[in-house]
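With the sequence shown counted from 1, adding 136 to any position gets you our numbering.
Report on the structure given below.
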Amino acid sequence: MPDSAQGRRRRWRMPWVNAGIGLIALMGVVVMMYPHVASWVAQYYQSLVIEDIDAAIDAAPTARLEKEIERARLYNDALTGGALVSPESNIPTGAGTLDADVDYFSLLNAGDGVMGRLRIPSIAVDLPIYHGTSDEVLETGVGHLQDTSLPIGGASQHSVLTAHRGLPSATLFNDLGKMKRGETFTVEVFGEVLTYRVIETQTVLPDETQSLRPVYGEDLVTLVTCTPLGINTHRYLVTGSRVIPTPIEDIERAGTRPDIPSFPWWAVGLGAAVLGYVGFVAWSGRVRAPNQLLPAVVDFREAEGDRNRDRFGIPKRPGISLPANARGGNGEEGD
Numbered sequence: 137m138p139d140s141a142q143g144r145r146r147r148w149r150m151p152w153v154n155a156g157i158g159l160i161a162l163m164g165v166v167v168m169m170y171p172h173v174a175s176w177v178a179q180y181y182q183s184l185v186i187e188d189i190d191a192a193i194d195a196a197p198t199a200r201l202e203k204e205i206e207r208a209r210l211y212n213d214a215l216t217g218g219a220l221v222s223p224e225s226n227i228p229t230g231a232g233t234l235d236a237d238v239d240y241f242s243l244l245n246a247g248d249g250v251m252g253r254l255r256i257p258s259i260a261v262d263l264p265i266y267h268g269t270s271d272e273v274l275e276t277g278v279g280h281l282q283d284t285s286l287p288i289g290g291a292s293q294h295s296v297l298t299a300h301r302g303l304p305s306a307t308l309f310n311d312l313g314k315m316k317r318g319e320t321f322t323v324e325v326f327g328e329v330l331t332y333r334v335i336e337t338q339t340v341l342p343d344e345t346q347s348l349r350p351v352y353g354e355d356l357v358t359l360v361t362c363t364p365l366g367i368n369t370h371r372y373l374v375t376g377s378r379v380i381p382t383p384i385e386d387i388e389r390a391g392t393r394p395d396i397p398s399f400p401w402w403a404v405g406l407g408a409a410v411l412g413y414v415g416f417v418a419w420s421g422r423v424r425a426p427n428q429l430l431p432a433v434v435d436f437r438e439a440e441g442d443r444n445r446d447r448f449g450i451p452k453r454p455g456i457s458l459p460a461n462a463r464g465g466n467g468e469e470g471d
């Protein structure tokens, strides 16, 4: 291979320093994107739970669904009192009492402790509703506060649904504070579709529980979460009143596949970051061969070589000049 071709060849060597710097930057990108990734994964899991429950409800005989709703009505009729919010906890705790011995967790159990589905279009919430408010429940979906009315509607009933906000691993009631009066949300339970319009939003202390008690003749659902974010000294309440009849669009949308999670744009960003890191390492590891000269230097030397050759390519002989003392005073050669 000609020398010039060898000079243009490049070698590659692992740039450990640049690779380390790039890896630190890549890990920073991963850390910043973790909440988005974790939230998307959680929403994907929640959507699978909703799809499974909807499929089970669709396949269940109508008589069984009606029986479950009737059992829930008997539970609500037997329930008296309201709900209290414990100052030591992040969520309300039920304080109502039952006039009959009823197994709460057997009511409206469509499987795995799921009783229904909560949709809040204005803040892109579509979550399964579970029995109770254990930590496990509140990390994966919405919990129904035991000893408050089951969310099947009815006069003088007040259901309380609660969820966390600010979790790094899931987006639940993070945007509940953005809801405004007049907006609606829907509850789907065993084939029933109930729509509620927001009539009140408020921030209360943990021991201010009057807003969670049943109101005679009213059909209410209150959504509860902690506030301020990360401090949790107060509770944020969004109370909705039943819309009758249920809007036709809500009925038609019932049982449909969840719209969330949306396309995982985080995967595109993460892939671009990885490709950028690989490209940076590959570029940084390029090493010129030892005998390679910069193109400008090579061109200059070639040009100099051409000037020192005659038209036949033969190197020119250097000129001969006499020393100064061999010349006459007037520049002529001496005798």
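Even glycine gets a Cβ: it sits at the ideal position worked out from N, Cα and C.
State the start and end residues of the unbroken beta strand (DSSP E) segment that holds residue i.
i	result
His267	Val261 to His267
Thr331	Glu328 to Val340
Asp194	Taken as a continuous stretch (DSSP letters only), Asp194 belongs to no beta strand (DSSP E), being part of the alpha helix (DSSP H) at Trp152 to Ala195.
Asp355	Asp355 to Thr363
Thr198	Premise fails: Thr198 lies in the alpha helix (DSSP H), Thr198 to Ala214, not in any beta strand (DSSP E).
Val325	Thr320 to Val325
Leu297	Gln293 to Thr298
Val374	His370 to Arg378
Val278	Val278 to His280
Which residue wins for smallest C-alpha separation from residue i, given the options the options?
i	options	result
Tyr413	Tyr372, Phe241, Leu159 and Trp148	Leu159
Gly353	Arg378, Arg253 and Pro397	Arg378
Glu385	Ser347, Val329, Met315 and Gly366	Val329
Arg333	Val357, Asn310, Arg422 and Leu312	Val357
Ala260	Ser285, Gly407, Pro394 and Phe416	Pro394
Gly289	Ala191, Arg200 and Glu206	Glu206
Thr345	Pro381, Pro397, Pro171 and Thr284	Thr284
Thr382	Tyr181, Thr331, Leu411 and Ser398	Thr331
Ile193	Tyr170, Met169, Gly391 and Ile387	Gly391
Gln182	Gly302, Pro287, Pro197 and Leu254	Leu254
Asp355	Ile335, Thr198 and Pro364	Ile335
Glu319	Leu210, Val166 and Gly376	Gly376
Pro400	Ile157, Trp148 and Tyr180	Tyr180
Gly366	Asn310, Asp239 and Gly268	Asn310
Asp239	Ile256, Ile265, Ser258 and Glu204	Glu204
Ile256	Ile387, Met315 and Ala196	Met315
Gly268	Ala299, Ala291 and Glu202	Ala299
Ala291	Tyr266, Ile380, Ile265 and Ile189	Ile380
Does the distance from the CB of residue i to the CB of residue j come in under 8 Å?
i	j	result
Pro350	Arg371	no
Phe321	Leu244	no
Leu162	Ala409	yes
Gly249	Phe241	yes
His280	Ser295	yes
Leu359	Leu297	yes
Ala155	Val404	no
Gly252	Val323	yes
Trp176	Pro397	yes
Trp402	Val173	yes
Can you tell me where the alpha helix (DSSP H) with residue i in it begins and where it stops?
i	result
Met251	Element bounds for Met251: not the alpha helix (DSSP H) but the beta strand (DSSP E), Val250 to Ile256.
Leu303	Counting along the chain, Leu303 falls outside any alpha helix (DSSP H), and DSSP gives it neither H nor E.
Phe416	Trp401 to Ser420
Arg389	Ile384 to Arg389
Asp271	Asp271 to Leu274
Assuming residue i contacts residue j under a Cβ cut-off of 8 Å, what Cβ separation, rounded to an integer in Å, is found between them?
i	j	result
Pro151	Gly415	Contact doesn't hold; Cβ gap of about 12 Å is too wide.
Gln293	Asn212	6 Å
Arg301	Thr361	5 Å
Ala208	Leu286	4 Å
Leu406	Met169	6 Å
Counting pairs of Cβ atoms below 8 Å between the stretch 288 to 306 and the stretch 269 to 277, do you hit three or more? As far as the Cβ criterion goes, the stretch 288 to 306 touches the stretch 269 to 277, which means the pair count is three or higher.
Hey, is the stretch 371 to 382 in contact with the stretch 331 to 345, meaning 3+ C-beta pairs nearer than 8 Å? Because the criterion of three Cβ pairs below 8 Å is met, the stretch 371 to 382 and the stretch 331 to 345 touch.
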